[in-house]
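Worksheet: one structure, shown below.
Protein chains: 4
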Amino acid sequence: MKLKNGAEYMESLRKINPLIYYKGKKIEDVTRHPATAPHVRSAAMTYALAADEKHRDLATATSHLTGRTISRFTHVHQNIEDLLKKIKLFRILGQKTGSCYQRCVGFDGINAVYSVAYEIDQKHATDYFERLKTWLIKIQDENLMVVGAMTDPKGDRSKSPADQPDPDQYVHVVERRADGIVIRGAKLHMTGAVNSHEILVMPTTALNEASKDFAISFAIAVDTPGITMIFGRQTGDDRRDNLERIDVGKPTFAAVGGEAVIVFEDVFVPTQRIFMDGEAEFASQLVYRFAAHHRSNYGACKTGLMDVLTGAVSYLTQIQGTAGASHVKDKITEMIHLNETLYSSSIACAAEGWPTPSGAYMVDTMLANVCKQNVTRFHFEVARLALDLAGGFIATMPSQYDLESEDVGHLVKKYFSGVEGIPTEHRIKIARLIEAMTGGTALVESMHGAGSPQAQRVMILREGKLDQKIKLAKSLLGISDK
Amino acid sequence: MKLKNGAEYMESLRKINPLIYYKGKKIEDVTRHPATAPHVRSAAMTYALAADEKHRDLATATSHLTGRTISRFTHVHQNIEDLLKKIKLFRILGQKTGSCYQRCVGFDGINAVYSVAYEIDQKHATDYFERLKTWLIKIQDENLMVVGAMTDPKGDRSKSPADQPDPDQYVHVVERRADGIVIRGAKLHMTGAVNSHEILVMPTTALNEASKDFAISFAIAVDTPGITMIFGRQTGDDRRDNLERIDVGKPTFAAVGGEAVIVFEDVFVPTQRIFMDGEAEFASQLVYRFAAHHRSNYGACKTGLMDVLTGAVSYLTQIQGTAGASHVKDKITEMIHLNETLYSSSIACAAEGWPTPSGAYMVDTMLANVCKQNVTRFHFEVARLALDLAGGFIATMPSQYDLESEDVGHLVKKYFSGVEGIPTEHRIKIARLIEAMTGGTALVESMHGAGSPQAQRVMILREGKLDQKIKLAKSLLGISDK
Amino acid sequence: MKLKNGAEYMESLRKINPLIYYKGKKIEDVTRHPATAPHVRSAAMTYALAADEKHRDLATATSHLTGRTISRFTHVHQNIEDLLKKIKLFRILGQKTGSCYQRCVGFDGINAVYSVAYEIDQKHATDYFERLKTWLIKIQDENLMVVGAMTDPKGDRSKSPADQPDPDQYVHVVERRADGIVIRGAKLHMTGAVNSHEILVMPTTALNEASKDFAISFAIAVDTPGITMIFGRQTGDDRRDNLERIDVGKPTFAAVGGEAVIVFEDVFVPTQRIFMDGEAEFASQLVYRFAAHHRSNYGACKTGLMDVLTGAVSYLTQIQGTAGASHVKDKITEMIHLNETLYSSSIACAAEGWPTPSGAYMVDTMLANVCKQNVTRFHFEVARLALDLAGGFIATMPSQYDLESEDVGHLVKKYFSGVEGIPTEHRIKIARLIEAMTGGTALVESMHGAGSPQAQRVMILREGKLDQKIKLAKSLLGISDK
Amino acid sequence: MKLKNGAEYMESLRKINPLIYYKGKKIEDVTRHPATAPHVRSAAMTYALAADEKHRDLATATSHLTGRTISRFTHVHQNIEDLLKKIKLFRILGQKTGSCYQRCVGFDGINAVYSVAYEIDQKHATDYFERLKTWLIKIQDENLMVVGAMTDPKGDRSKSPADQPDPDQYVHVVERRADGIVIRGAKLHMTGAVNSHEILVMPTTALNEASKDFAISFAIAVDTPGITMIFGRQTGDDRRDNLERIDVGKPTFAAVGGEAVIVFEDVFVPTQRIFMDGEAEFASQLVYRFAAHHRSNYGACKTGLMDVLTGAVSYLTQIQGTAGASHVKDKITEMIHLNETLYSSSIACAAEGWPTPSGAYMVDTMLANVCKQNVTRFHFEVARLALDLAGGFIATMPSQYDLESEDVGHLVKKYFSGVEGIPTEHRIKIARLIEAMTGGTALVESMHGAGSPQAQRVMILREGKLDQKIKLAKSLLGISDK
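Here's what the structure looks like:
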């Protein structure tokens, strides 16, 4: 691993030059700009844990390609134990950042493209798998961060890619050259994009023959000419821009992963970096493998976040003198219960893993959908319970400027105090942390990341094996099944 | 009514001089400061509707004290029809502001103090009721805005007012003079305080004889010497401070009502403005009447807000081409269903109203608690459904600056477009509106305004008449009831 | 009112001869057969309350047709107060029977047909309204019980009435004669049919011109030739057949209303009893008015039932020594809360009532759908909470025969006892009552009575005025509405 | 394994003579009595699968004591794979019986007592572990069915065992002899007791030194003198007693496991069969290990049941012509989703298993509580959805006697038909199956089996590691943790 820790990761980011806009202006250094630095720090934690004796077993792996020690985030799962370690690592990262560390997107992308590239080759005698392995060894050896890029803008959602009035609503090939292809389009919601080294593009939906030009997967560096990123707003981002320490909630890390639009304006991709080109019949499989891996993560990383939130609320009730009330204990119990239910699903996805023909291990896809579906519900409920226990002052507290004001600071300290002996500032800090973790971007990410709720429901029904279930019922009733 | 419309109301605010801090600095003119102006505009809508032919019947009333036409917000309910009109007015105000118009707090305070002052006089031969009526006629004639002030800081919640290490955690009398009393303490979360004319103080909890100095109710002008207000932060307030039009979500109105801490540092209150002083045994009744009125409102005003939210989501699905999907229609149905369930409760509270000895009408208190309890749940669920249908871009959209940027504005317009013919700007505006209405302050207000969820549960059990219900069961089983 | 009390009602039933089958055999006397007698007793309560000084104001009304005092169940609502009294009466009846008293179906049918017959006449110059009034005066004067008959068998639900392979799946006219019509088909789930005097038939769905023969409404006596009823099974009916007193749960009354299939095999209906014949365009209005009235009832009668259930559970926790546990109190609070939420909706439906052209008052239809929709959810949740608090023994208790056995009765008494001083028999009786009220038929009735859940959702969306809501959102954003 | 299949199991039951009462009379042959035979058949399935090539890998294991092939139900888990196989076996058994196969109770009892007996010996130098192994080898070799007996009557639940007015409310030692002890008391809700060979008694709660006589664990044959069983009623049991084939719902198997009270009236237990006697400090550990194993099962067996229910509902919607409706598909999706969520938890409990000092593997106890807690909620919701889709006729259908009646059978067949080509009888059978699986006993068992909901919540909070979670929050805020 070339990049050995968080500092080296940050240093590496300063050496590349992606074109990034935020609030109408260019961001020159993502590691120092107040809007992006907290996200960089979260991603840096994935590097830091690999360098930490205590977490190394989870945070690293042995490459099946080279035998060398690599970051787990660049590994292809070789067995169920790998899948389980991923889940445990993700919960710890969630606990340590209280945020999104972004790097799972590329991780899942690598695993999905790896297994599908192998299968395309088997059918079409192409050499995608070799290309991918060559690229992957570089990623592993240099320990690069990859953003997995899937979601297209989609324009009019009632129309398919080929039927859009504007074909650029889905990333597609606009020109084929001897040495590569030219790409146009955009990818939305690209978590970690502004602080990644490489982009791994995948199609966003099942495709038919008429949509061959949309069936494209490739990898390129983030500062390839023609690429523009626009970094999205998040709830409370202005507090961060203004460098308010307490009022941002999480001073070091961000609400969740920073997302960007990645626009491809006639970007050239050399042949060696192309892993799918026109094999439309494999698009749905690629989408689904990525989605399943990604969905199975949410019961781990979000559980880590909600561990933090549960701790924050628990401490706040101690400060306020309500920790002993039975309804308080019951609501904290419910927070834990919902959280561990999510964790169960992630563990089960891994424990029921299975090998693809390439040897890469997949999670149980039914359970992955179930896991993510529950996240879209339980994170809101956990947030609701947290806000219930926190109390109304979380939405009416004066700002840090008032807390530090010579005129009114003493009044804020007096009238926002709790039980004797704990500084008012603790109460305010904890409340701002809860505020940051229970609304806006943080919840929307749980809702839509790795696919919107309805996407999971479609798959749950599809994989529900209703025919077999009908047979079970008929069998109990002695109804012959013909 | 001296103040005849919104403009006159705003003008009147410029003539008074309350001491208000926000982010460490004084606010000189609440009608123009970006943090407070949107709240002023919401409150102004209560004045505007009274001047609007279409809404005058709901927005005004005939004073039972003077026979003159007054704002309904200064009226004492004389019958069930008054209670019903209040509910209908509140839903319209919610629809027109998408926000909190704040003035119901003083309205409910007036009604609560009115009926209790009468009953104290009956028992103790005091003259609070006359004092209150004198003050109220002034409020009605001048059409002043009153902030009802109930919630004390409470400090260590495991201790009663008299047991707090710092007695100032509950507003109390520190000195009694021939012509009045001197007050110390604070009230938190005071909705509309910074743009009110008068403060109507009430105790915050049931009190016993040992806590007589906390059993105090009075009214004074907001700019009385010794009063300091500190205006609280809200989610997304910085966007407003920076005058971003689109990104604030609701350009004209605020997320919800602006809340302030009101600090009383040895404030003198003249005898004529005192409506309770030491009659501790009436404190719980006063608290409860205020709370019941206030809780019954939430199924009306929040319904108005959620009408807006439902419309916003519905339009967004049209823009995105998803309006016809069955799961979309089902979720919008659910939003309407939950919303109308809340409205049912508010209507029922009013329809089951009853006269107090003073003649003032109270709402059904059981149903008022039930109403508010449901608001604490359903607003979150409606928000969750809205965010589900809106899609993930709501949390990753570029800022208004990018939309308007010469460099990347065309990319934002291209890649955030929806169905043909509707400007991308509509999509973004609607999304920002939904963002503003579904997280942070907006939801916390629904949770804790008019009392936290547990407060309602305590009352629901207390008023649940379990003894009578046990008799019903025994009766069906022929078990004698002795 | 000819029939003045429950005894006279029962006596009247013995004088008519409907053809009723149950478990393959004829029922000769519904007032004494163990399967039907409990239902008769519930319906008799509607007669008894009219004779009870304490409840007469609610249980009777003054006929707007004759000026005579009549049972409220035969009344046409003349104002909002009538609607509110109905709701209050229904809750009391639910409390007193813990069951379905059945008679609201005919009551709602009368009100629906009354208003629609008037409107048909206005359009088509028919005389249905006069015919109806003539029949209704008889019903009022004799105080007869009417079963409102709406639900057809429907056969293949993916096909409309006219497209069914078997046309008899919807009640229809098979022959037209000079003096009347001949009818074939069936009505399912006919609550109270076996102990009613008259059947009031209505169509079950919106119809088009091609389905004129299905657009039929009429009234006839239950013992008209050609009518056969088959009485349906209910959960636990065998315990009743075996005359086990304790184990049935409610010894006097039944689980819910007893339902029957009413089959019409070429039944002749004289012209004077026909209130709609072929005016297909009015079918949906008739269905909807009936449904709205009926749906608005459920928040009243079921609330009465759940008052009983809440009392039963509350008493059981006292017997078991758990009444003081905080989770027990919280769950009972939730039962009350959900119950009163339902009651709110029923009250609101009435309070927002409005006059039809005929003068008959309708409930608010949106709120009626909302009310019923909540019943389909909350009754299950209340039952779940009740079973949680009751404890597992409710499903494993020995029978009454064991309780009374010389061999093992002493063991049952010893090992099913609770706190000292309360007989074990109380605990067992209460547990059997809870068992009877929380599973099977009792819950299914709440789910599907007055229309299945999806039927309400369709109407909630249809009446949701999305266009107006979209305007509200646009207006807040300054988006012009063209 | 002496007993090689279901037939041999049944034959073995006919050779023993337990004293069993049901409805006041003795049951002579549980394999043939209509009340118990369906339960015997379910338990027999555990024997049958061991003889079935297809399921042998899951249904059998290799004894770590003897190296011989044994029924998995008599096995002590030696690793995570054993735990996972148990879960998979249980889902299949649930699918094949649609019921409770009862034998997991003794299975979990064996595993709990095994690990605790070892630990008692380590501390007290007793020889319980050897005694247990001797007994267990007999159980394994003869393949006997064991009922794990834990739940005491408890009397006044506000009092501890030693404080009960009647000491017999908890099983206890009444006499100590040279060769054994004499036992008095009872165990309630004993699933499978009437068709087991042996009873394995355990204490029911944590105990202190004052309650040493209650800290008792032992095994004896079901027909030991002094033991009396009283078999409990279940919902719909009379239909079974009357041998109605269709109306019972599941003709071959029962609603859930048949439960009995086991009364011990001064029963002598020889020393060699005692596995704990007075070591009160180990009682809570024994209870908790049993409970954790047992709770982890519910996400497997109930999932199997709900697979059947989902299939039944799915088939019914096909028969009724509603299978294509979007709300139908959505509700079936939800049923699957909830079901697979439960399964996730069971899988996760096993995947996170860990070895006790004895070598026996335990499940993850936090996740076991979470699993069972969800079962207490989701089974009700799945039932509610099933009843929604089934339609109201499920509660109003005529009986089998009517279906077969010469008088009205043709009417039932005509008016309860669905789409063409599927016999009406299928519709009725499926509906009766759904009825049997969605109310009464079936749901109560999911609620209270393996501990009532509150029992899990207490443990979830206790194992929630709030201190660690508070540290996570403090760490993110830079609050030092002293």
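Residue numbers (the numbering used here), protein chains in the order written: chain A, 1 to 482; chain B, 483 to 964; chain C, 965 to 1446; chain D, 1447 to 1928.
C-beta atoms are modelled at their ideal positions from N, C-alpha and C, and glycine is treated no differently.
Query raised in the report: Just how far apart, CA to CA, sit residue 1301(C) and residue 1056(C)?
Result: Locating residue 1301(C) in the third sequence gives position 337, where the first residue counts as 1. Locating residue 1056(C) in the third sequence gives position 92, where the first residue counts as 1. A straight line joining the alpha-carbon of residue 1301(C) with that of residue 1056(C) spans about 18 angstroms.
Query raised in the report: Quick one: is residue 852(B) near chain C, going by C-beta distance under 7 angstroms?
Result: By 1-based counting over the second sequence, the position of residue 852(B) is 370. Taking Cβ atoms only, chain C reaches closer than 7 angstroms to residue 852(B), which makes this a yes.
Query raised in the report: CB-CB under 6 angstroms to residue 1027(C), same chain, minus the five flanking residues each way: which ones, in chain order?
Result: Your numbering for residue 1027(C) matches position 63 in the third sequence. These residues qualify, in order along the chain: 1034 and 1104.
Query - Complete runs of the alpha helix (DSSP H) confined to the stretch 888-944 of chain B [at least 4 residues] - result: Along the length of the stretch 888-944 of chain B, whole alpha helix (DSSP H) runs at least 4 residues long occupy 891-897, 906-919, 923-930 and 935-944, reported in chain order.
Query raised in the report: What does residue 265(A) pair with, by DSSP beta-bridge criteria?
Result: One-based indexing of the first sequence puts residue 265(A) at position 265. BP columns for residue 265(A) point to 184(A).
Query raised in the report: How would you label residue 410(A), buried or exposed, when you count the other beta carbons within 10 angstroms and need 16 or more for buried?
Result: Taking the first sequence and counting its residues from 1, one reaches residue 410(A) at position 410. Around the beta-carbon of residue 410(A), fewer than 16 other beta-carbon atoms lie within 10 Å, marking it exposed.
Requested in this report: Count the other C-beta atoms from every protein chain shown that fall within 10 angstroms of the C-beta of residue 613(B), then say buried if there are 16 or more, exposed otherwise.
Outcome: Counting from one through the second sequence, the residue named residue 613(B) turns up at place 131. When all chains shown are included, residue 613(B) counts as buried.
Report task. For my contact list, residue 78(A) and residue 359(A) are in at a C-beta cut-off of 8 angstroms; report their separation, rounded to the angstrom. Result -> Stepping through the first sequence from its first residue, residue 78(A) is reached at position 78. Stepping through the first sequence from its first residue, residue 359(A) is reached at position 359. Residue 78(A) to residue 359(A), Cβ: 7 angstroms. Contact.
Query - Residue-level contact to chain C via CB, residue 1859(D), 7 angstroms cutoff - result: Within the fourth sequence, the letter at position 413 stands for residue 1859(D). It does not; no Cβ of chain C falls within 7 angstroms.
**Report entry** Per DSSP, cross-strand counterpart(s) of residue 131(A)
**Finding:** In the first sequence, residue 131(A) corresponds to position 131, counting from 1. Listed as beta-bridge partners of residue 131(A) by DSSP are no residues whatsoever.
Query raised in the report: Given that residue 936(B) touches chain A, what residues does it touch there, using C-beta distances under 7 angstroms?
Result: The residue labelled residue 936(B) in the question sits at position 454 within the second sequence. Residues of chain A whose Cβ lies closer than 7 angstroms to the Cβ of residue 936(B) are, in chain order, 327.
Query raised in the report: Which whole runs of the beta strand (DSSP E) in the stretch 1103-1159 of chain C are 3 residues long or more, in chain order?
Result: Taking only runs of at least 3 residues, the beta strand (DSSP E) segments lying wholly in the stretch 1103-1159 of chain C are 1110-1113, 1136-1141 and 1144-1155.
Requested in this report: Kindly indicate which residue of 1707(D), 1630(D), 1735(D) and 1679(D) has the alpha-carbon position closest to the one of residue 1212(C).
Outcome: Residue 1212(C) sits at position 248 when you count from the first residue of the third sequence. Answer by Cα proximity: 1679(D).
Report task. Confirm, please, whether the CB-CB distance from residue 1750(D) to residue 1929(D) is below 7 angstroms. Result -> The structure shown does not extend to residue 1929(D), since chain D is modelled only from 1447 to 1928, so the question has no answer here.
Requested in this report: Please decide whether residue 18(A) counts as near chain B, where near means a Cβ-Cβ distance under 7 angstroms.
Outcome: For this step, residue 18(A) is matched to residue 18 along the first sequence. No - not a single Cβ of chain B is within 7 angstroms of the one on residue 18(A).
Report task. Closer than 8 angstroms by C-beta to residue 166(A): which residues in its own chain qualify, once you throw out the five before and the five after it? Chain order, please. Result -> For the purposes of this step, residue 166(A) is taken as the residue at position 166 of the first sequence. Once the five neighbours on either side are set aside, the close Cβ partners of residue 166(A) are 155.
Query raised in the report: Cα separation between residue 1666(D) and residue 1858(D)?
Result: Working through the fourth sequence from its first residue, we reach residue 1666(D) at position 220. Working through the fourth sequence from its first residue, we reach residue 1858(D) at position 412. Each residue's alpha carbon lies about 52 angstroms from the other.
Query raised in the report: Between the stretch 1807-1834 of chain D and chain F, which residues of the former have a C-beta closer than 9 angstroms to a C-beta of the latter?
Result: No chain F appears in the structure shown, which is made up of the protein chains A, B, C and D.
Query raised in the report: So is residue 24(A) in contact with chain B if we call contact Cβ pairs under 7 angstroms?
Result: Residue mapping note: residue 24(A) aligns to position 24 of the first sequence, counting from 1. It does: the Cβ of residue 24(A) has a partner Cβ on chain B nearer than 7 angstroms.
**Report entry** Simplified DSSP assignment, three categories, for residue 1553(D)
**Finding:** By one-based count along the fourth sequence, residue 1553(D) stands at place 107. Under the three-state reduction of DSSP, residue 1553(D) is assigned to helix.
Requested in this report: Put residue 990(C) into one of helix, strand or coil per three-state DSSP.
Outcome: In the third sequence, counting from the first residue as 1, residue 990(C) sits at position 26. Correct three-state label for residue 990(C): strand.
Query raised in the report: In three-state DSSP terms, what is residue 1721(D)?
Result: By 1-based counting over the fourth sequence, the position of residue 1721(D) is 275. Under the three-state reduction of DSSP output, residue 1721(D) falls in the strand class.
Query raised in the report: Are three or more beta carbon pairs between the stretch 1058-1076 of chain C and the stretch 1003-1016 of chain C nearer than 8 angstroms?
Result: When C-beta atoms of the stretch 1058-1076 of chain C are compared with those of the stretch 1003-1016 of chain C, three or more pairs fall below 8 angstroms, so the two segments count as touching.
**Report entry** Per-residue contacts from residue 724(B) into chain A (C-beta, under 8 angstroms)
**Finding:** Here residue 724(B) corresponds to residue number 242 of the second sequence, with the count starting at 1. Near residue 724(B) (Cβ distances below 8 angstroms), the residues of chain A are 238.
Requested in this report: Under 8 angstroms by Cβ, that's how I've got residue 1369(C) and residue 1253(C) pegged, so tell me the actual separation to the nearest angstrom.
Outcome: Here residue 1369(C) corresponds to residue number 405 of the third sequence, with the count starting at 1. Here residue 1253(C) corresponds to residue number 289 of the third sequence, with the count starting at 1. Between residue 1253(C) and residue 1369(C) the Cβ distance is about 55 angstroms, and since that is not below 8 angstroms, they are no contact.
Query raised in the report: First and last residue of the alpha helix (DSSP H) that includes residue 693(B)?
Result: Against the second sequence, residue 693(B) aligns to sequence position 211. No alpha helix (DSSP H) contains residue 693(B), which DSSP labels as neither H nor E.
**Report entry** Inter-residue Cα distance where the pair is residue 799(B) and residue 1429(C)
**Finding:** To locate residue 799(B), count along the second sequence from 1; it is residue 317. To locate residue 1429(C), count along the third sequence from 1; it is residue 465. Rounded to whole angstroms, the gap between the alpha carbons of residue 799(B) and residue 1429(C) is 16 angstroms.
Requested in this report: Please report the Cβ distance between residue 395(A) and residue 917(B), rounded to the nearest whole angstrom; I am assuming they are in contact, meaning their Cβ atoms lie under 8 angstroms.
Outcome: Here the question's residue 395(A) lines up with position 395 in the first sequence. Here the question's residue 917(B) lines up with position 435 in the second sequence. Not quite, the Cβ-Cβ distance comes to about 16 angstroms (not below 8 angstroms), so this is no contact.
Query raised in the report: For residue 1443(C), does the three-state DSSP call read helix, strand or coil?
Result: Counting from 1 along the third sequence, the entry for residue 1443(C) is found at position 479. DSSP places residue 1443(C) in coil when its eight states are reduced to three.
Query raised in the report: Counting contacts by CB-CB distance shorter than 7 angstroms, is residue 1632(D) in contact with chain C?
Result: The residue given as residue 1632(D) occupies position 186 in the fourth sequence. Yes, because at least one Cβ of chain C sits closer than 7 angstroms to the Cβ of residue 1632(D).
Query raised in the report: In three-state terms, what does DSSP make of residue 780(B)?
Result: Position 298 of the second sequence, counted from the first residue, corresponds to residue 780(B). In this structure, residue 780(B) counts as helix in the three-state DSSP scheme.
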